[in-house]
Amino acid sequence: MVCSLPLQYHTQAVDGICHYCGNSDKWYISCPDGHMVCDSCHNQQTMQQIEAITLKTTSIDPFSIAEQCMDLAILPMLGCQHAYIAGGALMAALKNEGAYALTNDAAREVSHRTGKQAHGGYCGLTGTCGIAPALGACVAILIGSKCGLDKEQRLTMELVARVVRAITELTGPSCCKAYVRASLAVAVEFIQQNFSVSLPGKDNTACKHVENHPHGCRKEECPYFLVN
Numbered sequence: 057m058v059c060s061l062p063l064q065y066h067t068q069a070v071d072g073i074c075h076y077c078g079n080s081d082k083w084y085i086s087c088p089d090g091h092m093v094c095d096s097c098h099n100q101q102t103m104q105q106i107e108a109i110t111l112k113t114t115s116i117d118p119f120s121i122a123e124q125c126m127d128l129a130i131l132p133m134l135g136c137q138h139a140y141i142a143g144g145a146l147m148a149a150l151k152n153e154g155a156y157a158l159t160n161d162a163a164r165e166v167s168h169r170t171g172k173q174a175h176g177g178y179c180g181l182t183g184t185c186g187i188a189p190a191l192g193a194c195v196a197i198l199i200g201s202k203c204g205l206d207k208e209q210r211l212t213m214e215l216v217a218r219v220v221r222a223i224t225e226l227t228g229p230s231c232c233k234a235y236v237r238a239s240l241a242v243a244v245e246f247i248q249q250n251f252s253v254s255l256p257g258k259d260n261t262a263c264k265h266v267e268n269h270p271h272g273c274r275k276e277e278c279p280y281f282l283v284n
């Protein structure tokens with residue numbers, strides 16, 4: 057965003073100041089020249105375009121909504137913006153499908169919750185991709201899950217566990233776009249099984265971003281490469 061140099065991922069937090077807002081914090085991602093950008097500044101412009109799509113679409117196909125977002129020119133190849141895409145696409149589809157009385161406020165709530173747990177680079181630092189809590193937030197909102205409840209919290213955690221497993225099977229190196237597709241497939245199946253809500257769409261998208269992967273595309277090892 058600042059100088060276009062390749063990013064460096066640190067295993068120990070580094071003290072620094074956000075290039076844009078001046079926020080001082082400890083960071084795990086920087087460029088070789090020491091430029092650092094906080095999640096809020098990094099996501100701001102992209103999030104405006106993602107929200108414009110997910111809040112206005114009339115589609116009930118979460119895969120097509122997600123692909124529309126992932127085709128945005130401003131979207132980086134990798135990054136936690138993909139967590140907001142996954143959660144936003146699923147919630148938009150559910151809202152438009154109509155089985156549950158959902159509004160854009162529900163979609164904004166998913167985004168708010170996602171921001172509490174989706175942070176750049178933390179997939180490698182803690183083992184949890186932000187897409188998992190984003191989709192967990194969708195199910196939690198559907199059934200009113202919160203701490204202290206029984207079935208609701210268990211169902212939410214079960215969906216998140218399945219999403220994490222699907223992501224794990226695609227790792228090496230990370231690919232946020234593959235994670236979005238695989239995670240939505242898990243979530244759509246889970247929602248149909250547990251809530252009898254059927255959403256259209258398939259996860260057999262031919263990836264158009266192969267050459268953009270900064271760490272090297274998995275190519276034949278990725279199911280979205282093979283369908284080209």
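Letter by letter, the sequence shown follows residues 57 to 284 in my numbering. For every residue, glycine included, the Cβ atom is placed at its ideal position computed from N, Cα and C. Just so we're clear, the structure is a prediction, and the values are computed from it rather than from any experiment.
Whole-Å CB distance - residue i paired with residue j, under 8 Å assumed
i, j, result
"Leu30", "Ala243", "There is simply no residue 30 to check, as the chain begins at 57 and stops at 284 in what is shown."
"Ile199", "Leu181", "Going by Cβ atoms, the distance from Ile199 to Leu181 rounds to 30 Å, so no, they are not a contact pair."
"Leu131", "Thr170", "Leu131 to Thr170, Cβ: 16 Å. No contact."
"Met133", "Pro270", "6 Å"
Alpha-carbon spacing of residue i relative to residue j, whole angstroms
i, j, result
"Ile121", "Arg221", "23 Å"
"Gln124", "Pro88", "32 Å"
"Leu255", "Asp95", "31 Å"
"Asn284", "Ala262", "Here the model assigns Asn284 a pLDDT of 46, short of 50, so the residue's position is not dependable, and the following value carries that caveat. Cα-Cα distance, rounded: 5 Å."
"Thr67", "Gly177", "10 Å"
"Lys252", "Met213", "Just to set this straight, residue 252 is Ser in the shown sequence, not Lys. Near 19 Å, if we compare the C-alpha coordinates of Met213 and Ser252."
Cβ neighbours of residue i in the same chain (closer than 7 Å, five flanking residues each side left out)
i, result
"Asn160", "Leu111"
"Ile141", "Ile106, Ala122, Cys125, Met126, Val236"
"Ala69", "Lys82, Trp83, Tyr84"
"Cys59", "Cys87, Asp89, His91"
Beta-carbon contacts of residue i that lie in its chain and below 8 Å, excluding the five residues immediately before and after
i, result
"Ala188", "Val216, Val219, Val220, Ile223, Ser239"
"Gln64", "Ile85, Ser86, Cys87, Pro88"
Identity of the residue in the options nearest residue i by Cα
i, options, result
"Ser115", "Asn268, Asn152, Leu198", "Asn152"
"Pro279", "Pro132, Phe246, Ala241", "Ala241"
"Pro118", "Tyr156, Lys258, Glu277", "Lys258"
"Thr227", "Ala145, Asn250, Asp206, Gly272", "Gly272"
"Lys264", "Ala145, Lys233, Ser252, Glu277", "Lys233"
"Ala149", "Tyr76, Gln248, Gly186, Glu276", "Gln248"
Short CB-CB distance (under 8 Å) between residue i and chain D
i, result
"Val253", "Of the chains in the structure shown, none is chain D; there is only one protein chain."
Contact set for residue i: own chain, Cβ-Cβ below 6 Å, skip 5 residues either direction
i, result
"Val166", "Gly143, Met147, Ala193, Cys194"
Cross-strand partners of residue i (DSSP beta bridge)
i, result
"Gly72", "Asp81"
"Met92", "Cys74"
"Tyr65", "Ile85"
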